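Shown next, in structure tokens, is the structure this report addresses.
Numbering (our numbering), first residue to last: 66 to 467.
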């Protein structure tokens, strides 16, 4: 296993991290014994970074991980977990949630504590008003957390503004060879790294869609490349080649996945890809965009939208649903565009038909027409009433716990 420093913290973490959002199931329930075997297998192979969150597996992920690590493994690993902003109404809420997480994780400190899905500058400003900076400094001082960061799914401009506004220890972004210019993208990654901020990568395989159900035209390019590699090998190499990346998360729930991914990590180095290999990635990326329902590259020239639509995000999850067959794409689209996570809605249906975006799109996409398609397909009529109920539910649950 290779290790890299988490930015200016100097903490060395494995370049492969274990994502705790996809534990194996048996008969409709989490298979606890197999989950334990897999986590211990990963630790034995050098993985020392485990990423969980308050909401993963319906709130059970932290408890399951904590029970396993309490058997003599806590000091061998780094635990990263996340504060759900949509459940926070005060600094007291932050304290209560963190304390409950420490209890579930069966530890008195968390190595990396992240704000979960701070997807725009408005969401960060709201948390500042609620006292998040004061909370983080207090939690660091009293030893409950070692380092502080945030996970992100918004555009690169807001990402850079958030990076500049606080001395973050680390951040977590979605990034892979298809999403090079999507959300924070390469520009955001390199900007954060230049500030000494550690960068953790999520969705390296786009939820598994870059390794399953490979389109025949894409497979032809891989097969003709002259390199005998698995889809996972191609995906991880592209990421580990970049020195600004600290660790890459993988939601491994098959023993074969752990074996393959840890073997790949054993030989990964920054700058290992040749120009010939990089050209193969370019050809694959171009073919993906040609085949997708909307040929959006995520460049962001269309942003910001005057109506608040997150255009690249809407198209990305529309493509994920129809081209990649991603089962989670529908609810992910609703979770993020509804503003449930960050507070600012960015639905496709917010489009006011102004046409500003189409004038600057380098791909000449009929954006307004495509946004109407997205809205019709991804926004069932029950979405907005459901979001209102969800807000009330989380607010009431949080008050009861307080």
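Glycine included, each C-beta is placed from N, C-alpha and C at the ideal position.
These figures come from a predicted structure and were not determined experimentally.
- Exclusion of the five residues before and after residue 356 leaves 280, 282 and 388 as the residues of its chain whose Cβ lies within less than 7 Å of its Cβ.
- In this structure, DSSP gives residue 297 a helical state, which the three-state scheme calls helix.
- Around the beta carbon of residue 424, fewer than 16 other beta carbons lie within 10 angstroms, which makes this residue exposed.
- Burial of residue 237 is indicated by the presence of at least 16 other C-beta atoms within 10 angstroms of its C-beta.
- Beta bridge pairing from DSSP links residue 189 with no other residue.
- Annotation note: the stretch 132-201 contains the following uninterrupted alpha helix (DSSP H) runs of length 4 or greater, listed N- to C-terminal: 156-170 and 186-194.
- Judged by their CB atoms, residue 129 and residue 95 are nearer to each other than the 8 Å cut-off.
- In the three-state reduction of the DSSP assignment, residue 212 falls in the strand class, which pools E and B.
- For residue 312, the secondary structure class from DSSP, reduced to helix, strand or coil, is strand.
- Considering only 275, 308, 327 and 252, the residue with the shortest C-alpha distance to residue 349 is 275.
- In the displayed model, residue 266 falls within a strand according to three-state DSSP.
- Annotation for residue 374: no beta strand (DSSP E) segment contains it, and DSSP assigns it neither H nor E.
- Non-local C-beta neighbours of residue 219 in its own chain, meaning closer than 6 Å and more than five positions away in sequence, comprise 184 and 185, ordered along the chain.
- For residue 81, no alpha helix (DSSP H) segment is defined; the enclosing uninterrupted segment is the beta strand (DSSP E) at 81-84.
- Around the beta carbon of residue 382, 16 or more other beta carbons sit within 10 angstroms, so the residue counts as buried.
- In this structure the stretch 67-79 lies against the stretch 98-115, because at least three pairs of beta carbons, one per stretch, are closer than 8 Å.
- Burial of residue 85 is indicated by the presence of at least 16 other C-beta atoms within 10 angstroms of its C-beta.
- Contact between the stretch 260-274 and the stretch 319-327 is absent: fewer than 3 CB-CB pairs across the two stretches fall below 8 Å.
- Residue 422: member of the alpha helix (DSSP H) spanning 421-425, first to last residue.
- In the DSSP assignment, residue 78 is bridged to 69.
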